[in-house]
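Protein chains in written order, with the working numbering: chain C, 194 to 509; chain L, 266 to 544.
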């Protein structure tokens, strides 16, 4: 008995379809296109972030000099750093740099957003121009300020001494320990506050106007409206922006590296610059990675909390 | 009426604040521009501080003829453009899959992408350098092009996921009922609608790659192979050249980014808020 060819084909096809439906149940209805489209991301995340990250943890447990194979030493790098006064100072500086920068960016950004919510003209113009520091290359901005802060020919001293006569003589803004940190923070704030402002503005625009009208009918004053309507309305954005900026600021390398390289005498030494100097100045890679990874638990916690907020913000 | 008066007072304060902010924001750029057209003599003598006199082009001439600035410009263009194309292609299809398609591991990959975006370069630069070096790509532009997707791909993906989610799913369903395949629905219906978002994401990726400093500083040792940020920064340690010279380089480095920004300002402001903080 011979089965007609067409019947065989349909049987083969239906078996294949049944198998595919089985696979689709396990792997999802669009698994073929899905896997195909996601594969490049998987490759780049694994090769460029996951693998280097694991490798970093391993290297931080070794003595690794440039050009020499690593020697496993356990927690020695971390233990040594725990007793290193210069490292302690860098940790302290990093927190000081980060928290002061973020606090000022928050204040300035909030003020910027609130002012742009008042009925000013040319709102698009103001937001457009105020965002420029955020898009300009960090290195260029840092170099601009290096020149502005210059002790002998810098325009800041010129303005304060010759034009406004506030100071009797010029200050070496970046070369004196007393002013270096504040000067570096100012540049980070200058660059970062527009991001805060523009994000808060987006959040405030999304608050329904009726809420303010109802509050006005109830006789709420400006401060009460801010506290009970504006602030709750932008709460999620505020948390996201603050956490995001905390991560970025804590890990900011370019501004400090260009302006002071951590000087004078370690007064502005922050962890990313110390990690760089340990790796490529002192050539001790293992210890350098330990510097970079020392506060990993805190960073990981921040990232997890932030990621949760960012996904929640998307789902709304 | 007091309402009108306080209203006008408030508006006056708003403008005062905005103008102050504007001056603070723009002054460093103005100063960079002015300095780039000053001669060394003028700068030393502190005359006519806020305007070049004489108006000199010698900084630019020297920069272009006596240094490797032109090579650095080419390097920056090569690195930024290739990593932008790479990141936009990978990020667009990936974001579509993560936003729309149903497959095993989608939620996990979406989280992984977001977390990757948040991991800072300062903890990755040393192992990445070691890795690039092992692959024989240290001290080459290829090494940078290979490394930059570590931050551009997660960013573009995250940004475009939000964009794809905002496009109504019914459009694709209608196309598929009419006989289009899933891929056809993506290619013919969704992609054209997402074009503004893809363009904004590409522009972002370009800006990030153009501005990147740490990886370029670490990976590249050959002076000719530097990108612009690293090349510019190398002038301060060299100390051979004056500030006018450095500022002319800074002006030329900023131009492409500002031009792109002015052209696509609306998208960028929207993209910025949609990408990082939506909701």
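Idealized CB from N, CA, C, for every residue including glycine.
Under 7 Å by beta carbon: chain C residues contacting residue i
{"i": "residue 290 of chain L", "result": "322, 323, 325, 326"}
{"i": "residue 546 of chain L", "result": "It is not possible to answer for residue 546 of chain L, since the shown part of chain L is limited to 266 through 544."}
{"i": "residue 368 of chain L", "result": "220, 221, 223, 224, 227, 228"}
{"i": "residue 447 of chain L", "result": "223, 226"}
{"i": "residue 293 of chain L", "result": "334, 337, 338, 341"}
Three-state secondary structure (DSSP) of residue i
{"i": "residue 208 of chain C", "result": "helix"}
{"i": "residue 507 of chain C", "result": "helix"}
{"i": "residue 346 of chain C", "result": "coil"}
{"i": "residue 264 of chain C", "result": "strand"}
{"i": "residue 255 of chain C", "result": "strand"}
{"i": "residue 477 of chain C", "result": "strand"}
{"i": "residue 218 of chain C", "result": "helix"}
{"i": "residue 489 of chain L", "result": "helix"}
{"i": "residue 276 of chain C", "result": "coil"}
{"i": "residue 477 of chain L", "result": "coil"}
{"i": "residue 455 of chain C", "result": "coil"}
{"i": "residue 396 of chain L", "result": "helix"}
{"i": "residue 541 of chain L", "result": "At residue 541 of chain L, the pLDDT of 43 sits below 50, so the modelled position is not reliable and the matter cannot be decided from this model."}
{"i": "residue 278 of chain L", "result": "helix"}
{"i": "residue 419 of chain C", "result": "helix"}
{"i": "residue 363 of chain C", "result": "coil"}
{"i": "residue 499 of chain L", "result": "helix"}
{"i": "residue 369 of chain C", "result": "coil"}
{"i": "residue 432 of chain L", "result": "coil"}
{"i": "residue 440 of chain C", "result": "helix"}
{"i": "residue 311 of chain C", "result": "coil"}
{"i": "residue 384 of chain L", "result": "coil"}
{"i": "residue 529 of chain L", "result": "coil"}
Chain-ordered chain C contacts of residue i [CB-CB under 9 Å]
{"i": "residue 396 of chain L", "result": "240, 241, 244, 245, 248"}
{"i": "residue 501 of chain L", "result": "336, 339, 451"}
Neighbour list for residue i in chain A, Cβ cutoff strictly below 8 Å
{"i": "residue 440 of chain C", "result": "Given the protein chain composition of this structure (C and L), no chain A is represented."}
Partners in chain L for residue i, counting only beta-carbon separations shorter than 8 Å
{"i": "residue 285 of chain C", "result": "Here the premise fails: no neighbours, minimum Cβ distance about 17 Å."}
{"i": "residue 313 of chain C", "result": "276, 279, 280, 283"}
{"i": "residue 496 of chain C", "result": "380, 383, 384"}
Beta-carbon neighbours of residue i, restricted to chain L and to distances below 7 Å
{"i": "residue 271 of chain C", "result": "The premise fails here: residue 271 of chain C is roughly 14 Å from chain L at the closest Cβ pair, so nothing lies under 7 Å."}
{"i": "residue 397 of chain C", "result": "In chain order: nothing, as chain L lies at least about 11 Å away."}
{"i": "residue 381 of chain C", "result": "Neighbours of residue 381 of chain C on chain L: none; closest Cβ ~13 Å, over 7 Å."}
{"i": "residue 308 of chain C", "result": "279, 282, 283"}
Contacts of residue i in chain L (Cβ-Cβ under 9 Å)
{"i": "residue 288 of chain C", "result": "Under the 9 Å cutoff, chain L gives no residues; its nearest Cβ is about 15 Å from residue 288 of chain C."}
{"i": "residue 444 of chain C", "result": "385, 386, 387, 388"}
{"i": "residue 511 of chain C", "result": "In the structure as shown, chain C starts at 194 and stops at 509, and residue 511 of chain C therefore has no counterpart that could be examined."}
{"i": "residue 302 of chain C", "result": "Near residue 302 of chain C there are no residues of chain L at all, since even the closest Cβ is about 11 Å away, more than 9 Å."}
Cross-chain neighbours of residue i in chain C, by beta carbon under 8 Å
{"i": "residue 355 of chain L", "result": "233, 234, 237"}
{"i": "residue 391 of chain L", "result": "249, 252, 468, 472, 478, 481, 482, 485"}
{"i": "residue 508 of chain L", "result": "340, 343, 346"}
Supposed close pair residue i, residue j - CB separation, criterion 8 Å
{"i": "residue 254 of chain C", "j": "residue 266 of chain C", "result": "7 Å"}
{"i": "residue 322 of chain C", "j": "residue 287 of chain L", "result": "6 Å"}
{"i": "residue 470 of chain L", "j": "residue 348 of chain L", "result": "7 Å"}
{"i": "residue 353 of chain L", "j": "residue 463 of chain L", "result": "6 Å"}
{"i": "residue 290 of chain L", "j": "residue 315 of chain L", "result": "Not really, about 17 Å apart at Cβ, beyond 8 Å."}
{"i": "residue 502 of chain C", "j": "residue 433 of chain C", "result": "5 Å"}
{"i": "residue 472 of chain L", "j": "residue 516 of chain L", "result": "Not confirmed; about 17 Å, so no contact."}
{"i": "residue 465 of chain C", "j": "residue 370 of chain C", "result": "No, residue 465 of chain C and residue 370 of chain C are not in contact; Cβ-Cβ is about 20 Å, not under 8 Å."}
{"i": "residue 435 of chain C", "j": "residue 299 of chain C", "result": "6 Å"}
{"i": "residue 252 of chain C", "j": "residue 392 of chain L", "result": "6 Å"}
{"i": "residue 409 of chain L", "j": "residue 335 of chain L", "result": "Wrong, their Cβ atoms sit about 18 Å apart, outside the cutoff."}
{"i": "residue 248 of chain C", "j": "residue 395 of chain L", "result": "7 Å"}
Is the segment 445-452 of chain C close to the segment 472-489 of chain L, with three or more CB pairs under 8 Å? Put simply, the segment 445-452 of chain C touches the segment 472-489 of chain L. At least three CB pairs are less than 8 Å apart.
What residues in the segment 478-494 of chain L bring their beta carbon closer than 9 Å to a beta carbon of chain C? Residues of the segment 478-494 of chain L with a C-beta less than 9 Å from any C-beta of chain C: 478, 479, 482, 483, 493, 494, listed in chain order.
Closer than 7 Å between beta carbons: that is the criterion. Which residues of the segment 420-435 of chain C meet it against chain L? Of all residues in the segment 420-435 of chain C, only 429, 430, 433, 434 come within less than 7 Å of chain L when Cβ atoms are compared, listed by chain position.
So, do the segment 420-432 of chain L and the segment 270-286 of chain L have three or more beta carbon pairs nearer to each other than 8 Å? Fewer than three beta-carbon pairs drawn from the segment 420-432 of chain L and the segment 270-286 of chain L are found closer than 8 Å, and the two stretches are therefore not classed as touching.
Taking a cut of 8 Å between CB atoms, which residues from the segment 466-485 of chain C lie near chain L? For the segment 466-485 of chain C, which is checked against every Cβ of chain L, the residues closer than 8 Å are 468, 469, 472, 473, 478, 481, 482, 485.
Given 8 Å as the limit, is there contact between the segment 426-438 of chain L and the segment 301-313 of chain L, that is, 3 or more CB pairs closer than that? Cβ pair count under 8 Å is below three, so no.
Select from the segment 403-418 of chain L all residues with a C-beta closer than 7 Å to any C-beta belonging to chain C, and list them in chain order. Per Cβ criterion, the list reads 412, 414, 415, 418.
Can we say the segment 222-234 of chain C touches the segment 367-375 of chain L, given the rule of at least three CB pairs closer than 8 Å? Proximity of the segment 222-234 of chain C to the segment 367-375 of chain L meets the contact definition, three or more beta-carbon pairs being nearer than 8 Å.
Would you call the segment 256-265 of chain C in contact with the segment 463-478 of chain C, where contact means no fewer than 3 C-beta pairs closer than 8 Å? In short, these stretches touch, since the Cβ pair count reaches three.
Do the segment 302-316 of chain C and the segment 326-336 of chain C touch if we need at least three Cβ pairs shorter than 8 Å? Not touching, per the Cβ criterion.
Could you tell me whether the segment 480-496 of chain C touches the segment 383-390 of chain L, where touching means 3 or more Cβ pairs closer than 8 Å? Short answer: they touch.
Between the segment 335-353 of chain C and the segment 508-518 of chain L, do at least 3 Cβ pairs fall closer than 8 Å? Segments in contact, yes.
Contact between the segment 458-469 of chain C and the segment 215-228 of chain C (3+ Cβ pairs under 8 Å): Below 8 Å, too few C-beta pairs join the segment 458-469 of chain C and the segment 215-228 of chain C to call them touching: fewer than three.
Give the residues from the segment 298-332 of chain L that approach chain C closer than 8 Å (Cβ to any Cβ), ordered along the chain. Within the segment 298-332 of chain L, 300, 308, 309, 311, 314 place their CB atoms closer than 8 Å to a CB of chain C, listed in sequence order.
For the pair the segment 405-412 of chain C and the segment 358-374 of chain C, tell me if three or more CB-CB distances fall below 8 Å. The segment 405-412 of chain C makes no contact with the segment 358-374 of chain C: fewer than 3 CB pairs, one atom from each, lie closer than 8 Å.
Quick one, which residues of the segment 361-389 of chain C are near chain L if we go by CB-CB under 8 Å, in chain order? Only 383, 387, 388 from the segment 361-389 of chain C bring a Cβ to less than 8 Å from some Cβ of chain L.
Below 8 Å between beta carbons is the criterion; list the residues of the segment 462-478 of chain L that meet it against any residue of chain C, in chain order. Flagged, chain order: 472, 475, 476, 478.
Cβ pair count under 8 Å reaching 3, the segment 390-405 of chain L against the segment 328-342 of chain L: Taking one beta carbon from each stretch, the segment 390-405 of chain L and the segment 328-342 of chain L have fewer than 3 pairs nearer than 8 Å; the two do not touch.
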